[in-house]
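Below is one structure; the comments refer to it alone.
Protein chains in written order, with UniProt numbering: chain A, 1 to 174; chain B, 1 to 325.
What follows is the structure, encoded as structure tokens:
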């Protein structure tokens, strides 16, 4: 990659500083180290960093995105685990199940991001809980036509989100 | 809301998806769908893309649900929590409220005087009603001194963990003190745990102001947690709920080292519970009953590469399977 020398310089000059910044935000040095790496991975993915006037401002912008997506995933995971903990049975999933389900929920969350809450619910009731349109309409107190409209909206949204993700990471498909 | 134009094939595929999964699709619909699908190779390609997008993550959750029922429901709830942080808080508060009515507490003490020392033994959790109307729950192997005066309501945590639901009293602040600092209630419910080198705060409702010996001061809101010692305060990334699950008789661990879980079980198990360094670093998740530590160890051995050896009632050793052959 032609941009590599300047990325290396960026790393050498600023990674300690970035790590310290992230540690202040997170209160954990290991986590900060992970997210520092993630930030530089994003630098590598960026197109042109040949001449940066404000390298730290640039790094902070990327780091903030990394931090935002980290918190988002952490919140999602916490909401999931809280829901599990609220159930009557004790549970102890294998590490494999834990990772698979967490990843599945994150994927769904990305596809559903930005979709209105009711359409989200309708889609999950239908596809995840396998309820019929009639059952869903009764459960949330709307008409059958509304359920159908929400389903269509939700699937269209997922399709668009899926297209967007595929377009953003072309190397992931090759 | 979708600014980009949806191509007609995709739109048709989505219509089919809605129709076929409606619960009322009949043989006619399936036949008509098959005709559409085979009418044009592009139909099939788009159909695969659209149905495949959701099928993979949905299948993973349904699959896990067959092994551990409740996964579907939990995933659904996580994905529809609108403002997740807020929802998290509400869920937590409810969990604890429900719990309050049904604690399997070993002893209940009605009203306690203005100053008293309360402590609990191994495997014992105790709920205490304080003179001001506050409710104190003390975890197993814990000790607290209660010092109420005209100016303050002071709880000195000497050992272990407590959870307090404070009664309102504008004149007298309620403070939980450990050797590492003070947690001042701002009308609230929170838990404090004293460990060897630091203390931990978990805020369940409203907020709490922490002050440490070096003068650091920080306010924490519901759902947040912090670690503190004499030299400062460190916010924790974990949510507060699992740190206070013990008050419901549960151990709620989320990707934590096994050593932490064992440490939380110790006050509930007679004799000494030892964990080898190699087993101590295994990451564990799960909700386990506190009141039956042997069952919890047994459940752990089913999902983790560990072996449990008992040497009479006094010593139980948890080892990594690699160490025992």
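All C-beta atoms, glycine included, are put in the ideal place defined by N, C-alpha and C.
Note on residue 97 of chain A: 16 or more other CB atoms within 10 angstroms of its CB, so buried under the neighbour-count rule. The contact set of residue 308 of chain B on chain A, defined by CB atoms closer than 7 Å, is empty, because the minimum CB distance reaches about 14 Å. Between residue 62 of chain A and residue 46 of chain A, the gap from beta carbon to beta carbon is short of 9 Å. For residue 127 of chain A, the neighbours in chain B by C-beta distance under 8 Å run, in chain order, 21, 54 and 58.
Taking the CA atoms as reference points, residue 14 of chain A sits about 12 Å from residue 43 of chain A.
As far as DSSP is concerned, residue 56 of chain B takes part in no beta bridge. Cα atoms of residue 28 of chain A and residue 153 of chain A: separation of roughly 41 Å, rounded to the nearest angstrom. Residues are counted here when their Cβ sits less than 9 Å from a Cβ of chain A; for the stretch 234–247 of chain B these are 234, 235, 236, 237, 238, 239, 241, 242 and 245, given in chain order.
Distances from the alpha-carbon of residue 82 of chain A to those of B:238, B:319 and B:317 put B:238 closest. At a Cβ-Cβ threshold of 9 Å, residue 200 of chain B and residue 236 of chain B count as neighbours. Contact between residue 253 of chain B and residue 284 of chain B holds: CB atoms are separated by about 5 Å, below the 8 Å threshold. A distance below 8 Å between beta-carbons, with the five flanking residues on each side excluded, links residue 144 of chain A to the following residues of its chain, in chain order: 133, 134 and 137.
In this structure, the CA atom of residue 34 of chain B is about 14 Å from the CA atom of residue 42 of chain B. When C-alpha distances from residue 184 of chain B are compared across B:162, B:212, B:175 and B:225, the shortest belongs to B:175. The beta carbons of residue 52 of chain A and residue 58 of chain A sit about 5 Å from each other, so the pair counts as a contact at 8 Å. In the assembly as shown, residue 55 of chain B is an exposed residue. Its beta-carbon has fewer than 16 other beta-carbons within 10 Å.
Around residue 17 of chain B, the same chain offers 50 and 51 as residues with beta carbons nearer than 7 Å, after the five sequence neighbours per side are excluded. A straight-line Cα-Cα distance of about 13 Å links residue 315 of chain B and residue 262 of chain B. The Cβ atoms of residue 120 of chain B and residue 141 of chain B lie closer than 9 Å to each other. For residue 257 of chain B, the enclosing beta strand (DSSP E) begins and ends at 250–257.
Taking 4 residues as the shortest admissible run, the stretch 188–255 of chain B contains the following complete alpha helix (DSSP H) segments, listed from N- to C-terminal end: 240–243. Taken in chain order, the whole beta strand (DSSP E) runs of length 3 or more contained in the stretch 33–63 of chain A number zero. What residue 72 of chain B touches in chain A, judged by beta-carbon distance under 7 Å, is 128 and 129, going in chain order.
Interface criterion not met: the Cβ of residue 41 of chain A is under 9 Å from no Cβ in chain B.
Listed as beta-bridge partners of residue 119 of chain B by DSSP are B:143. In the structure shown, the three-state DSSP call for residue 289 of chain B is strand.
Not a single CB atom of chain A sits nearer than 9 Å to the CB of residue 269 of chain B. Cβ atoms of residue 282 of chain B and residue 258 of chain B come within 8 Å of each other, at about 4 Å. In this structure, the straight-line span from the alpha carbon of residue 125 of chain A to that of residue 19 of chain B is close to 15 Å.
Under the three-state reduction of DSSP, residue 274 of chain B is assigned to strand. With respect to residue 138 of chain B, residue 156 of chain B sits apart: the two C-beta atoms are not nearer than 9 Å. Taken in chain order, the members of the UniProt domain "FecR N-terminal" (11–50) of chain B whose beta-carbon sits within less than 8 Å of a beta-carbon on chain A are 11, 14, 15, 17, 18, 21, 22, 23, 24, 49 and 50. One finds 80 in chain B with Cβ atoms closer than 7 Å to the Cβ of residue 121 of chain A, taken in chain order. Here residue 167 of chain B carries a coil assignment [DSSP, helix/strand/coil].
Under DSSP, residue 174 of chain B shares a beta bridge with B:153. Our two residues, residue 21 of chain A and residue 60 of chain A, have alpha carbons roughly 9 Å apart in a direct line.
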